[in-house]
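Below is one structure, written out as structure tokens, with a few remarks after it.
Protein chains in written order, with my numbering: chain A, 1 to 204; chain B, 1001 to 1256.
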């Protein structure tokens, strides 16, 4: 299984590549959008602000080739952290910015509901299953994954939600729309369940 | 609910994994990469890797080695040792560190903490404080791997670091380090009482799981430890099941 990890200058990609290899994939990091035509799965990673992320994707020519592969050729795509957020129509981090608009929704700042909730949300927290999805096969409900973020995805349609996480009044921690998937947490830093999730994605 | 963390610390000198007692008598006990692989399988919540001589030897952090370590590290990774500039921080994050631990330079250039927090976010800035009781019976900060007195009290410095934008405090008792006699609870309490808004990771002295429980009861958010994991049969997994039995929220562990 050949997996293309999109390198648009927004994070270190060593551990995601190695994690995919551990899960049995042939993963490669690419800065060339043409490579999307020669892979069976696509990972959109990312750490940083929404505005910078979109700017880099546009400047480096990823937007149209990515939409082509995902929407026309139905190649499964997994967005991780900022990569999930960029799937939205619009984000507000670093100024109001148009997103990839692959899953209808917006990305907004987390709003604490108690004094104990601090932003950014960092650490191990639970995922509550809202609906079944093969991405979470063999992953127990209410188990923990590693999060580092300040913004969250607010989908227009609740049907797109797979899991929520109990922080700031429950935010959406994973989403899907057909072959397009996104997780707010870091599977590559959440061994062993994160590896199970990556394996599920390879089999999606 | 966010979970309390159990964090092994790997001290790194030249190419080896080392451990000392009270920041002295370093023993080489293995290599870093195999240790990382072991901790991956033991489902630790995080790892801290510190190059203990880079700063004293006026060397840059070893970015290449950090890139090798991080690509095999499937848990969040904090890297410390030898950081002097914002450029060092940028290169460590690029090499795959999730957070950086800043110690000695903060006494010379406290503004660096603010600059790093502004550029990369508070979540990646760990202010590391090494403390020891002085003759006035106060906990005083030491820099340069515990060799240089700073004249600053630990709880005051912790507050200063919080104010300047640190996302976490890593608090180490120099006297307890490597002794496995238990964390210095008075030191922990003095800092957790002073620092209200950011987590305090406690380090130095853990010899059993009860010690970890005591530190958490004194409002530490995470417990770091080395000797207990290097030199005894105790494991981070067992630590978490012990803590869970005492009602502390920890990450569930899974056999897959």
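We treat Cβ as the ideally placed atom computed from N, Cα and C, and that holds for glycine.
| Item | Value |
| --- | --- |
| The region 155-166 of chain A contacting the region 102-117 of chain A, beta-carbon criterion three pairs below 8 Å | yes |
| Alpha helix (DSSP H) segment containing residue 1264 of chain B, residue limits | In the structure as shown, chain B begins at 1001 and stops at 1256. Residue 1264 of chain B is therefore absent and cannot be evaluated. |
| 9 Å Cβ cut-off: residues of chain A touching residue 1212 of chain B | Near residue 1212 of chain B there are no residues of chain A at all, since even the closest Cβ is about 16 Å away, more than 9 Å. |
| Residues in the region 9-20 of chain A having any Cβ partner in chain B nearer than 8 Å | 12, 14, 15, 17, 18, 19 |
| The region 1064-1083 of chain B: positions lying closer than 7 Å to chain A by Cβ | 1067, 1070, 1071, 1072, 1073, 1074, 1075, 1076 |
| Minimum Cβ-Cβ distance from residue 60 of chain A to chain B less than 9 Å | no |
| CB contact check: residue 1251 of chain B to chain A, cutoff 9 Å | yes |
| Nonlocal neighbours in the same chain, by C-beta distance under 8 Å from residue 195 of chain A, ignoring five residues either side | 19, 22, 23, 187 |
| Check whether residue 1102 of chain B and residue 1121 of chain B have beta carbons under 9 Å apart | no |
| Within chain A, the residues that residue 1115 of chain B reaches when beta carbons sit closer than 8 Å | Per Cβ cutoff of 8 Å: no residues; residue 1115 of chain B is ~17 Å from chain A at best. |
| C-beta neighbour in chain B for residue 173 of chain A, strict 9 Å | no |
| Reduced DSSP category for residue 159 of chain A - H, G, I as helix; E, B as strand; rest coil | helix |
| Helix, strand or coil at residue 1064 of chain B [DSSP, three-state] | helix |
| Chain-ordered chain A contacts of residue 1005 of chain B [CB-CB under 8 Å] | 123, 124 |
| Segment contact, 8 Å Cβ cut-off, at least three pairs: the region 1177-1185 of chain B with the region 1014-1032 of chain B | yes |
| Rounded straight-line distance, which links the Cα of residue 1251 of chain B to that of residue 1114 of chain B | 31 Å |
| DSSP beta-bridge partners of residue 67 of chain A | Beta-bridge pairing links residue 67 of chain A to no other residue. |
| Chain A contact for residue 1218 of chain B (CB, 9 Å cutoff) | no |
| CB contact below 9 Å: residue 120 of chain A versus chain B | yes |
| Residues in the region 24-44 of chain A having any Cβ partner in chain B nearer than 9 Å | none |
| is_contact[residue 65 of chain A, chain B] using C-beta, thresh 9 Å | no |
| Pick from B/1236, B/1218, B/1217, B/1232 that is closest to residue 1224 of chain B, judged by C-alpha positions | B/1236 |
| The region 115-127 of chain A contacting the region 71-89 of chain A, beta-carbon criterion three pairs below 8 Å | no |
| Three-state class that DSSP yields for residue 89 of chain A in the structure shown | coil |
| Span separating the alpha-carbon of residue 70 of chain A from that of residue 179 of chain A | 7 Å |
| C-alpha gap between residue 1047 of chain B and residue 189 of chain A, whole angstroms | 11 Å |
| Chain-ordered neighbours of residue 151 of chain A on chain B, where CB pairs are closer than 7 Å | Simply none; closest approach about 12 Å. |
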